[in-house]
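Just so you know, we're using the numbering used here here: the sequence shown kicks off at 33 and counts up by one.
Heads up, the beta-carbon is just placed ideally off N, CA and C, and yes, glycines get one too.
Here the structure is a predicted model, which is why all the values come from computation and not from measurement.
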Amino acid sequence: MAPNKKANDPSLRCLKLLHWLTIVCIICVSLALIGIASYLVHWFRSNDFTRNYNYVVIPVILLCIGFTTILVCILGVYGSKTDNLCMLKLYAGITCILLLLEICIALAVAILKNNLENYVIDVMKDLVSNYATNNETKNRIDLIQSEFQCCGSNSAIDYRNMSLPIPSSCCFRPNCLDKDIFPKGCTVVLTSYLNHKMLMMSISSFVASVGNAFAFAFVILYVRNLNRYNQIK
Numbered sequence: 033m034a035p036n037k038k039a040n041d042p043s044l045r046c047l048k049l050l051h052w053l054t055i056v057c058i059i060c061v062s063l064a065l066i067g068i069a070s071y072l073v074h075w076f077r078s079n080d081f082t083r084n085y086n087y088v089v090i091p092v093i094l095l096c097i098g099f100t101t102i103l104v105c106i107l108g109v110y111g112s113k114t115d116n117l118c119m120l121k122l123y124a125g126i127t128c129i130l131l132l133l134e135i136c137i138a139l140a141v142a143i144l145k146n147n148l149e150n151y152v153i154d155v156m157k158d159l160v161s162n163y164a165t166n167n168e169t170k171n172r173i174d175l176i177q178s179e180f181q182c183c184g185s186n187s188a189i190d191y192r193n194m195s196l197p198i199p200s201s202c203c204f205r206p207n208c209l210d211k212d213i214f215p216k217g218c219t220v221v222l223t224s225y226l227n228h229k230m231l232m233m234s235i236s237s238f239v240a241s242v243g244n245a246f247a248f249a250f251v252i253l254y255v256r257n258l259n260r261y262n263q264i265k
């Protein structure tokens, strides 16, 4: 079959159009993913509670996936524009790898989310118990309490149980009265904050994986039809 007939074939043109539309959508999703991942990396690194832990790893991976996906989309556009089977197959292979990686990230986030509350409880109990004995710990928990407007692990009672005065970082005003104490413990507040960040990572990874799944499906269909036309030709 002549190349001009192949170019004018409705089914092949339709598949190419779907392939390009999917790539445009994936680029938009990838740009959003880069923005969300950059925000999460900044949040985890600038926050004292999470700075020294591994929560930043997943947003960094998502950031890399976002940039990689955009580069791969360029490969997919060029491959379909020139009907280059080698490039299209390479695009399909990398897209499949990215899809699997995004699914793994979504699962990893779900597992971390289940263990999150226990992690926060253990860390906050350790910090509060060492509040009066370690200046570095004291500075850390003061920063956490003032930033997140919380007090102690469960509440201000944690300090009273240790016969300690309520820290000024637990209060709305410098001259701390009982009515000025933050009502919530840091365990509840921090768990809520981290759950929100985990949800952002999970949704971002899921949306990106759906986009790559469609991209993989359309490029496979396009390659199969292109192969068929090349054999006939």
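Quiz item: Taking Asp190 as the reference, which of Phe204, Arg205, Leu159 and Gly108 has the closest Cα?
Solution: Position 158 of the sequence shown, counted from the start, is the residue given in the question as residue 190. Checked all of Phe204, Arg205, Leu159 and Gly108; the closest Cα to Asp190 is Leu159.
Quiz item: Which residues bound the alpha helix (DSSP H) around Val89?
Solution: Walking along the sequence shown from the start, residue 89 turns up at place 57. Element bounds for Val89: Val89 to Thr114.
Practice problem: Report the residue ranges of all beta strand (DSSP E) runs contained in full by the stretch 124–209; include only those spanning at least 3 residues, in chain order. | Solution: none
Practice problem: Just confirm the distance between the C-beta atoms of His51 and Tyr254, as a whole number of angstroms; I'd bet it's less than 8 Å. | Solution: Here the question's residue 51 lines up with position 19 in the sequence shown. Here the question's residue 254 lines up with position 222 in the sequence shown. About 5 Å separates the two Cβ atoms, so the contact holds.
Quiz item: In whole angstroms, what separates the C-alpha of Val92 from that of Tyr163?
Solution: Residue mapping note: residue 92 aligns to position 60 of the sequence shown, counting from 1. Residue mapping note: residue 163 aligns to position 131 of the sequence shown, counting from 1. One C-alpha to the other measures close to 32 Å.
Practice problem: Please determine if the stretch 196–212 and the stretch 131–147 are in contact, where contact requires at least 3 C-beta pairs separated by less than 8 Å. | Solution: no
Quiz item: Is Cys182 buried or exposed, if buried means 16 or more other CB atoms sit within 10 Å of its CB?
Solution: Sequence index remark: in the sequence shown, residue 182 carries index 150 (1-based). Burial call: buried.
Self-check item: Neighbourhood of Ile252 by C-beta, 8 Å cutoff - its chain only, sequence neighbours within 5 removed
Solution: For the purposes of this step, residue 252 is taken as the residue at position 220 of the sequence shown. Closer than 8 Å at the Cβ level, and outside the excluded window around Ile252, lie Ala124.
Practice problem: Quick one: measure Cβ to Cβ for Leu148 and Asn227, integer angstroms, because I've assumed they're closer than 8 Å. | Solution: Counting from 1 along the sequence shown, the entry for residue 148 is found at position 116. Counting from 1 along the sequence shown, the entry for residue 227 is found at position 195. The Cβ separation is near 7 Å, so the contact holds.
Quiz item: Short check: CB of Asn244 to CB of Leu47, under 8 Å?
Solution: As a working note, residue 244 is residue 212 in the sequence shown. As a working note, residue 47 is residue 15 in the sequence shown. The answer is no: Cβ separation not under 8 Å.
Quiz item: Between the C-alpha atoms of Ser70 and Ser224, what's the straight-line distance to the nearest angstrom?
Solution: Numbered from 1 along the sequence shown, position 38 holds the residue referred to as residue 70. Numbered from 1 along the sequence shown, position 192 holds the residue referred to as residue 224. One C-alpha to the other measures close to 20 Å.
Quiz item: Taking just the CA atoms, how far does Tyr87 sit from Thr165?
Solution: For this step, residue 165 is matched to residue 133 along the sequence shown. For this step, residue 87 is matched to residue 55 along the sequence shown. For Thr165 and Tyr87, the distance between alpha carbons rounds to 28 Å.
Exercise. Give the single residue among Leu117, Val104 and Ala138 whose Cα lies nearest to the Cα of Thr127.
Key: Within the sequence shown, the letter at position 95 stands for residue 127. The shortest Cα separation from Thr127 among Leu117, Val104 and Ala138 belongs to Val104.
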